[in-house]
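S.K.:
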Amino acid sequence: VKEGIVVFETQQLDYPLIDDKLPPYEPRGCQRGISFSWYLYSPLRIKYPLIRGTLLDAFREEKEKAGGNPVVAWENLQNNKEKRSRYQNSRGKGGFRRASWDEVLEIMAVANIHTAKKYGPDRVIGFSPIPAMSMLSYAAGSRFLQLFGGVNLSFYDWYCDLPPAFPEIWGEQTDVSESADWYNAKMVADMGTNLNMTRTPDCHFFAESRHNGTKAVVFSPDFSQLCKYADQWIPLHAGSDGAFWMAVTHIILKEYHFEKKTPYFIDYVKRYTDSPMLVHLDKAGDIYTPGRMVRANELSKWKDIENGDWKFLCIDELSGEYVVPKGTMGYRWDKNGGKWNMKYECGETDLDYDPVLTLLDSKDEVLEVEFTEFGLSRKAQRGVPVKWLDTAKGKVPVTTVYDLMMAQYGVARGLGGQYPNDYTDTDAAYTPAWQEVFTGIDSKTVLQFAREWADTANITEGKCMILIGAGINHWYHQNLTYRAGAMALMICGCIGKNGGGMNHYVGQEKLAPVDSWSAIAFAKDWMPVSRLQQAPIWHYINTCQYRYDGEYSKYNTVPENKWTDKHVADTIFTSVRNGWMPFYPQFNENTLELAKKAIAEGAKNDDDIKAYVLEKLKSKELKYSVSDPENEVNFPRVWYIWRG
17 VKEGIVVFET QQLDYPLIDD KLPPYEPRGC QRGISFSWYL YSPLRIKYPL IRGTLLDAFR
77 EEKEKAGGNP VVAWENLQNN KEKRSRYQNS RGKGGFRRAS WDEVLEIMAV ANIHTAKKYG
137 PDRVIGFSPI PAMSMLSYAA GSRFLQLFGG VNLSFYDWYC DLPPAFPEIW GEQTDVSESA
197 DWYNAKMVAD MGTNLNMTRT PDCHFFAESR HNGTKAVVFS PDFSQLCKYA DQWIPLHAGS
257 DGAFWMAVTH IILKEYHFEK KTPYFIDYVK RYTDSPMLVH LDKAGDIYTP GRMVRANELS
317 KWKDIENGDW KFLCIDELSG EYVVPKGTMG YRWDKNGGKW NMKYECGETD LDYDPVLTLL
377 DSKDEVLEVE FTEFGLSRKA QRGVPVKWLD TAKGKVPVTT VYDLMMAQYG VARGLGGQYP
437 NDYTDTDAAY TPAWQEVFTG IDSKTVLQFA REWADTANIT EGKCMILIGA GINHWYHQNL
497 TYRAGAMALM ICGCIGKNGG GMNHYVGQEK LAPVDSWSAI AFAKDWMPVS RLQQAPIWHY
557 INTCQYRYDG EYSKYNTVPE NKWTDKHVAD TIFTSVRNGW MPFYPQFNEN TLELAKKAIA
617 EGAKNDDDIK AYVLEKLKSK ELKYSVSDPE NEVNFPRVWY IWRG
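Just so we're aligned: 361 in the working numbering is position 345 of the sequence shown, and the numbers increase by one with no gaps anywhere.
Structural data, given as structure tokens:
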């Protein structure tokens, strides 16, 4: 900066060195950052408050009529349907005028006050993206909203940056490695993230990793910028990455799990995945279908154990007895605690065990199980090894997750049924020949990639990595593509390893001081609970997008179950009513007035108020706003958007 003017931007040079075996973080140059001063001095930069002229004129007129009282002025304006619709209908048509800060802040303040008094503070909504780019700015707005009783909308999922597969598989948001860890990988597959465009300051690690012996493979339908770094470019058809990875998994399961039984892979899936856990097979006519996981309390000797519905079963290889593995959800919430770690120990006896991965050598019977092959629009019946389990409901067939996975991926193990004949079978899903139709990539390429991937993972104990991002995540079926890649990582023991794992990079979602920052940002120093709302669902309901949807089965291939003929809006309402997730506005009554009514009828504390509200919901005197979103009393009223 010279004489108050930004003349050029320079890179920071004070990044700490994580490890002397890794390249330094500098240089971290970025074309976006180096052009920042253009925004400062752009003629398009907004420097003063602008307000829609129709709204400004209407408010000034009503304020004059109200003798200068801004609260009454806003109330009168909102009650005048013609004037209100005039400024609402002018949205999107320009007509902004410069106004003073005092006047704009006054309008914002009275809009909040009127909304809270008439409808409730949960009609005041806020949206702001990516706290990491400016934690103070985000926290200033969100703290105000929470102290006021307003609502913060989510951001990461709203614009499709959050990868749903991560919570689906691992129960967390986006737990990925530092960019420096790319250097530790020995084989990297990149899909949907053009690193020198989207991770410009970190892309040097990708280039440097090749000097460290890393093989770089880029999946891209076009020769993207990143392809210049690649040792191999695989130009598969857009959106078909999942088919490629499923064929890779088919090959690895067949060659490295069934035929070779690679010790590192077998030990990893036993120890760190749910592969050894038992699953019900449900009878459906003359065939069986995969059901839910077997619960520990289904066995008579453990029918009364704490949280039995959340503890699962394995079989001990040495004794043949059923065991309850430590580390499952039920132990997370046990009163005694201390059994949250995933160990080869039974949670009820504390005895060591070695889990059975497959029932292939200890089966009671082989049953035909039906699997849906969506890529071929058909169902296949395949033999699966089972044991018969004595439960309170009688004997039921069970198998392991691993055995179901082998059957689903079409790995023939001499069990009979409609398994693929070989790698050239185009009539069975997940073979190398099957994927050619979707990807346009020949079988030889898939076979080469799968074998190099598995060999590298075995030799390095998991140093194979997938880099993935918005190019995949913005597809409708993105979670399936992520899961297809994650399978190839899990069965090769790559998750949780330096230089390995699935790393999703879109935006900047990480905050180093997230816990302490959250206390400030969401006013947890004043109240324990914040009003937070999933933005996609909020928009879907409050903008009436449900009008354009039908039943799930009308637009998506889904299994036949109780949800098949449901509408998304039905599912949302069910989830809110059952307490699975929040929705705001919350009720068709002002929550402030609702609390006053409860107190007037004898409520002494918070629990009494909750009980009062519950009874009103049961009697249907009080209703959830989500059940009638087109009723004016349920409309959101004020919406703050800042930093985005």
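For each residue, glycine too, the CB sits at the ideal point set by N, CA and C. Predicted, not measured: the structure shown is a model, and the values here were computed from it.
1. What is the DSSP secondary structure of D406, counted as helix, strand or coil?
2. P371 by DSSP, collapsed to three states: which one?
3. Under a Cβ-count criterion, where at least 16 other Cβ atoms within 10 Å of its own Cβ denotes burial, should R398 be classed as buried or exposed?
4. Pick out whichever of N621, A201 and F143 has its Cα sitting closest to the Cα of W174.
5. Measure how close the beta-carbons of A148 and I34 come, nearest whole angstrom, since I'm counting them as under 8 Å.
6. Could you tell me which residues DSSP pairs with Q397 in its beta bridges?
7. Would you list the one or two residues that DSSP bridges to R68?
8. With a threshold of 8 Å between beta carbons, is N495 in contact with chain C?
9. F328 bridges to which residues according to DSSP?
10. So, at 8 Å on beta carbons, what are the nonlocal neighbours of R102 in its own chain, with the 5 sequence-adjacent residues on each side left out?
11. Tell me P341's beta-bridge partners as DSSP assigns them.
12. Taking F390 as the reference, give the member of N437, V340 and D443 with the closest Cα.
13. Go ahead and pull the three-state DSSP assignment for N92.
14. Skipping 5 residues on each side, what residues in its chain have a beta carbon closer than 8 Å to that of D320?
15. Just to confirm my understanding: we take R139, look at its own chain, exclude 5 residues before and 5 after, and list those with CB closer than 6 Å. What are they?
16. Going by other Cβ atoms of all chains shown within 10 Å of its Cβ, with 16 needed for buried, is G430 buried or exposed?
17. Since M481 is in the beta strand (DSSP E), which residue starts that stretch and which ends it?
18. Closest to Q241 by CA distance: which of E19, C219, R226 and A466 is it?
19. Please state if the CB of A500 and the CB of M518 are separated by a distance shorter than 8 Å.
20. Is the separation between the beta-carbon of C510 and that of G485 shorter than 8 Å?
21. Tell me whether R547 is buried or exposed, calling it buried when 16 or more other Cβ atoms sit within 10 Å of its Cβ.
22. If we ignore side chains and look at the alpha-carbon of each, how far apart do Y571 and D586 end up?
23. I need the straight-line Cα distance from D438 to K526, nearest angstrom please.
24. Between the stretch 625–639 and the stretch 603–614, are three or more C-beta pairs nearer than 8 Å?
25. Which same chain residues end up closer than 8 Å to K277 when comparing Cβ atoms and leaving out the 5 residues on each side of it in sequence?
26. Between the C-alpha atoms of F221 and Q162, what's the straight-line distance to the nearest angstrom?
27. The beta strand (DSSP E) spanning M207 covers which residue range?
28. Around the Cβ of Q464, are there at least 16 other Cβ atoms within 10 angstroms (buried) or fewer (exposed)?
29. In terms of alpha-carbon separation, which member of A616, A611, P552 and A619 lies closest to I588?
30. If I follow the unbroken beta strand (DSSP E) through W174, where does it start and stop?
31. Just the Cα atoms here: how many angstroms apart are K379 and G166?
32. Determine the direct distance from the alpha carbon of L93 to that of L487, and round the result to whole angstroms.
33. Closest to Y135 by C-alpha separation, out of N212, P371, F603 and K81, would be which residue?
34. Looking at the secondary structure, which residues open and close the alpha helix (DSSP H) in which W349 lies?
35. Report the CB separation of W655 from I141 in whole angstroms; it is logged as a contact under 8 Å.
36. Under 8 Å between the Cβ atoms of D177 and V522?
M.R.: With the given structure in hand:
1. Secondary structure at D406: strand, using DSSP grouped into helix, strand and coil.
2. For P371, the three-state secondary structure derived from DSSP is strand.
3. R398 is buried by the Cβ-count criterion.
4. If we check each option's Cα against that of W174, F143 comes out closest.
5. Rounded, the Cβ-Cβ distance is 19 Å, inconsistent with contact.
6. Residue pairing of Q397 in beta bridges, as defined by DSSP: E386.
7. According to DSSP, which records beta bridges pairwise, R68 is partnered with F112.
8. The chain inventory of the structure shown lacks chain C, comprising one protein chain alone.
9. For F328, which the question treats as bridged, DSSP gives the partners R311.
10. Hits under 8 Å: T70 and A74.
11. Per DSSP, C362.
12. The shortest Cα separation from F390 among N437, V340 and D443 belongs to D443.
13. Residue state, collapsed to three classes: helix.
14. These residues qualify, in order along the chain: N313.
15. For R139, where only same-chain residues beyond five positions count, the Cβ hits under 6 Å are T131, P601, P652 and R653.
16. G430 should be labelled exposed.
17. In the DSSP assignment, M481 falls within the beta strand (DSSP E) that extends over C480 to I484.
18. Among E19, C219, R226 and A466, the Cα nearest to that of Q241 is on C219.
19. Taking C-beta atoms as the reference points, M518 and A500 fail to come closer than 8 Å.
20. Cβ atoms of C510 and G485: not closer than 8 Å.
21. By the neighbour-count rule (16 or more Cβ atoms within 10 Å), R547 is buried.
22. Cα to Cα, the separation comes out at about 16 Å.
23. Taking the straight line from one Cα to the other gives about 45 Å.
24. Touching, yes, given that three or more Cβ pairs across the two stretches are closer than 8 Å.
25. If we look at K277 and ignore the five residues flanking it on each side, it has no Cβ neighbours.
26. CA-CA distance, F221 to Q162, rounds to 41 Å.
27. Residue range M203 to M207 is occupied by the beta strand (DSSP E) that includes M207.
28. In this structure Q464 is exposed. Its beta-carbon is surrounded by fewer than 16 other beta-carbon atoms within 10 angstroms.
29. Closest option to I588, Cα to Cα, is P552.
30. Annotation for W174: no beta strand (DSSP E) segment contains it, and DSSP assigns it neither H nor E.
31. Rounded to whole angstroms, K379 to G166 spans 58 Å at the Cα level.
32. The amino acid at residue 487 is misidentified as Leu; the sequence shows Gly. Taken atom to atom, the span from the alpha-carbon of G487 to that of L93 is near 46 Å.
33. Nearest C-alpha to Y135: F603.
34. Note, W349: premise wrong, no alpha helix (DSSP H); not H, not E.
35. Contact between W655 and I141 is confirmed by a C-beta separation of about 5 Å, below the 8 Å threshold.
36. Contact flag set, yes.
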